[in-house]
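Position 147, counted from 1, in the sequence shown is what UniProt numbering calls 147; the numbers after and before it change by one each time, with no gaps.
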Amino acid sequence: MSGAVPSSLEGEVQSTPRVRSGDTPRPDAAIAARCPVALFDAQGSEVKRYLNDTRGLDDTTLAVYGVGYASRKFRDGERWVDEPCATFPWIQVPGDGPASTVRLKVRSVRTKRHMRVEPAGGDWGLFGLHTVPADAAELVITEGEYDAMAVYQATGRAAVSLPNGAASLPPAVLPLLERFKRIFLWCDGDEAGVNAARKFSAKLGRHRCVVVRAPDDCKDANDCLRKDPSLVKRALDDAGAPDHDGLVSFKELRGQVLHELRHPDLYVGAPLPSFPKLTGLVKGARPGELTLLTGPSGAGKTTLASQISIDLLESGAPTLWGSFEVKNSALAIKMLRQQARRRDGLPNEPRLLDALCDDFQRLPLHFMRFHAATEVDDVVDAMEFAAYVHDVEHVVLDNLQFMTQAGPRDASRFEAQDRAIARFRDFATRRGVHVVLVVHPRKEDPTQKLALTSIYGGAKAAQEADNVLILQAPAQPVAPGHASSQQSQAPIPKWVEVAKNRYAGTLGSVMMAFNDTTCRYYELSAGASASSASGAAVR
1 MSGAVPSSLE GEVQSTPRVR SGDTPRPDAA IAARCPVALF DAQGSEVKRY LNDTRGLDDT
61 TLAVYGVGYA SRKFRDGERW VDEPCATFPW IQVPGDGPAS TVRLKVRSVR TKRHMRVEPA
121 GGDWGLFGLH TVPADAAELV ITEGEYDAMA VYQATGRAAV SLPNGAASLP PAVLPLLERF
181 KRIFLWCDGD EAGVNAARKF SAKLGRHRCV VVRAPDDCKD ANDCLRKDPS LVKRALDDAG
241 APDHDGLVSF KELRGQVLHE LRHPDLYVGA PLPSFPKLTG LVKGARPGEL TLLTGPSGAG
301 KTTLASQISI DLLESGAPTL WGSFEVKNSA LAIKMLRQQA RRRDGLPNEP RLLDALCDDF
361 QRLPLHFMRF HAATEVDDVV DAMEFAAYVH DVEHVVLDNL QFMTQAGPRD ASRFEAQDRA
421 IARFRDFATR RGVHVVLVVH PRKEDPTQKL ALTSIYGGAK AAQEADNVLI LQAPAQPVAP
481 GHASSQQSQA PIPKWVEVAK NRYAGTLGSV MMAFNDTTCR YYELSAGASA SSASGAAVR
């Protein structure tokens, strides 16, 4: 096994009460009692109160699953904060041998986004797998650790959680699930959870998967437990198997429809913290959508797409980059500067630079190896692999023109572009992945702002896209007899225009300033100038 449990987390669990047996096989408390977890002493009192009072989990459940506590530091902007955390071990029990903890998920009880898996780069596992009886034929898989424990506490069913929420079901854990004849998939009731259940049932085999939806006004299994434990059993009893890939009944849709009507705020996309105004217009990056990003040559489309992907990566969303114009190493340097957010640029001191690289390496980021003209089939094949193996949620392709140069010689450039867009549209919808596609505009008057009709190629691009973002940066006209250099002029203002928004329908523009040191865009308030914000907006 790769990686050991940090010594600060090792200890003996308090004696676990004997769990009554019933019709449904219950987790093996005797196995759980051998697992290395921390005692909830005075130092862990805040974590224990949160688990008991806020999450509604009793001490027996916590002991069976081997939950403990730890204190960990997390980065919050430019500073580090020390936070109390619950620890969730991934424990394996090889036959009759001793239990061993493969890795540990550490999650703050104060800030939801502050969590990580230790040690970095270790083996994948499933929280709660050690509790499942060897003869169990059924298993409940939930999106989070609290939900798995809620299912066990309320029903006694064997339950485990995904290793990284709705974002990931690594192929490495699939062999651990081969022995189960029936698998209940219980993801959150939001759009991300619905897409995850569809994606994971395809991985595990639709013939043996049952999709669970939380009843009433509940978001997940833990919500059900806190409201009324009987709702957990009701949700599992009412669960239905997914229909044919091309068919769906209202019975399957009903839970999602009611949840979306009651909680419309949960169905917006992933927010872009760098761009709150832009997020307000487009309502975030939603799974299964195709977004076109266009703008004049040299305006900064790649930089904008890079910063958007940094926002998504920092929220934990696995992302795939296909950069056909800029080398991966050059793109990585740009993204490293954007993530570092340093006022003085990247440091020369090796130790500090290594620390920044360590932070950047923890992001769930993957790059395609392709460069320059590339076949669309090769690109889609890489996207399919990344969606299956790495569960990527966002793909950035920069840019479309490089994928139409390698098409059939007897096909026109427009036909090749239409076919490529159709392939990306199909991938986004089928896989539930958000695809950002950078497209060059037509050659038009550089002093005029761009419009939907400015997108290079036929009308299919704008028709197929769910969102169209235009980075507007019209050149300033040069008076006769003057040099074209603009060194003496104020910075040219830029703005991102939302020219199409299929989900929300809201259109509009957001003024932007750019800082060369951080390589980041910053939204401007009404009336602010690009020159005043270009240096002052650095965090």
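Positions of the beta carbon are idealized from the N, C-alpha and C atoms, including for glycine. Fair warning: this is a prediction, and the values are worked out from it, not measured in the lab.
Original post:
Do the segment 159-178 and the segment 186-193 meet, that is, are 3 or more Cβ pairs less than 8 Å apart?
Top reply: yes
Subject >> Beta-bridge partners of Pro89, as assigned by DSSP >> reply: Leu104
**OP:** Could you pull out every residue in the same chain whose Cβ sits closer than 8 Å to the Cβ of Cys357, ignoring the five residues on either side in sequence?
**Re:** Leu336
Original post:
In chain order, what residues of the same chain lie with their CB nearer than 7 Å to the CB of Lys500, ignoring the 5 residues before and after it?
Top reply: Leu452, Ala462, Ala465, Asn467 and Val468
Subject >> Supposed close pair Pro287, His434 - CB separation, criterion 8 Å >> reply: 6 Å
Original post:
What number of angstroms, rounded off, separates the C-alpha of Leu185 from the C-alpha of Ala299?
Top reply: 45 Å
**OP:** May I have a chain-ordered list of the beta strand (DSSP E) segments no shorter than 3 residues that lie completely inside the segment 249-328?
**Re:** 290-294 and 319-323
Subject >> Pro350 to Arg113 span [Cα, whole Å] >> reply: 29 Å
Original post:
Roughly how many angstroms separate the alpha carbons of Asp381 and Pro229, rounded to a whole number?
Top reply: 44 Å
Subject >> Three CB pairs or more closer than 8 Å across the segment 143-153 and the segment 364-381 >> reply: no
Original post:
Is Asp238 helix, strand or coil when you go by DSSP?
Top reply: helix
Original post:
Is Ser454 closer than 9 Å to Pro446 when the C-beta atoms are compared?
Top reply: no
Original post:
Going straight from the alpha carbon of Leu353 to that of Gln361, what length do you get?
Top reply: 12 Å
Original post:
By Cβ distance, which residues of its chain are closer than 6 Å to Phe180, with the 5 residues on each side in sequence left out?
Top reply: Leu139
Subject >> Contacting residues, own chain, Cβ-Cβ under 6 Å from His73 (five flanking each side not counted) >> reply: In the sequence as displayed, the identity of residue 73 is Lys instead of His. These residues qualify, in order along the chain: Trp80 and Asp82.
Subject >> Cα-Cα separation, Leu437 to Ala386 >> reply: 17 Å
Subject >> Reference Gly189; option with closest CA among Met512, Gly345, Leu176 and Arg213 >> reply: Arg213
Subject >> Thr142 (DSSP reduced to helix, strand or coil) >> reply: strand
**OP:** Within 10 angstroms of the Cβ of Thr54, are there 16 or more other Cβ atoms? Answer buried if so, exposed if not.
**Re:** exposed
Original post:
Where does Asn348 land, buried or exposed, given buried means 16+ other C-beta within 10 angstroms?
Top reply: exposed
Original post:
Can you tell me the Cα-Cα spacing of Gly128 and Gln153, whole angstroms?
Top reply: 13 Å
**OP:** Work out the CA separation of Phe414 and Ser161 for me, nearest whole Å.
**Re:** 46 Å
Original post:
Along the chain, where does the alpha helix (DSSP H) that runs through Asp466 open and close?
Top reply: Premise fails: Asp466 is in no alpha helix (DSSP H) and is neither H nor E.
Subject >> At least 3 beta-carbon pairs within less than 8 Å: the segment 278-298 vs the segment 323-343 >> reply: no
Original post:
Name the DSSP beta bridge partners of Gly508, please?
Top reply: Val498
Original post:
Using a Cβ-Cβ cut-off of 8 Å (strictly less than) and excluding sequence neighbours within five positions of Ser201, which residues of its own chain qualify?
Top reply: Leu185, Cys209, Val211 and Pro242
Subject >> chain D within 9 Å of Met149, Cβ atoms only >> reply: Among the protein chains of the structure shown there is no chain D, as only one such chain exists.
Original post:
Expressed to the nearest angstrom, what Euclidean distance is found between the alpha-carbon atoms of Phe306 and Met512?
Top reply: The amino acid occupying residue 306 in the given sequence is Ser; Phe does not appear at that position. Rounded to the nearest angstrom, the two C-alpha atoms are 15 Å apart.
Subject >> Delimiting residues of the beta strand (DSSP E) encompassing Asn222 >> reply: That residue, Asn222, is in no beta strand (DSSP E); its alpha helix (DSSP H) goes Ala221 to Lys227.
Original post:
Taking DSSP as the reference, what is the three-state secondary structure of Val173?
Top reply: helix
Original post:
Near Cys218, what residues of its chain come up, given a Cβ to Cβ distance below 7 Å and the 5 sequence neighbours on each side ignored?
Top reply: Cys224, Lys227 and Leu231
**OP:** Compare the Cα-Cα distances from Lys301 to each of Gln339, Asp359, Leu400 and Asp58 and report the closest residue.
**Re:** Leu400
Subject >> Delimiting residues of the alpha helix (DSSP H) encompassing Arg116 >> reply: Premise fails: Arg116 lies in the beta strand (DSSP E), Met115 to Glu118, not in any alpha helix (DSSP H).
Subject >> Cα-Cα separation between Gly156 and Thr60, rounded to whole angstroms >> reply: 12 Å
Original post:
Near Cys519, which residues of its chain fall below 6 Å by C-beta distance, leaving aside the five closest residues on each side in sequence?
Top reply: Lys334, Arg337 and Gln338
Original post:
By Cβ distance below 8 Å, which residues in the same chain neighbour residue 584 in space, the five residues on each side in sequence not counted?
Top reply: This structure does not reach residue 584, given that the chain is present from 1 up to 539, and the question cannot be answered.
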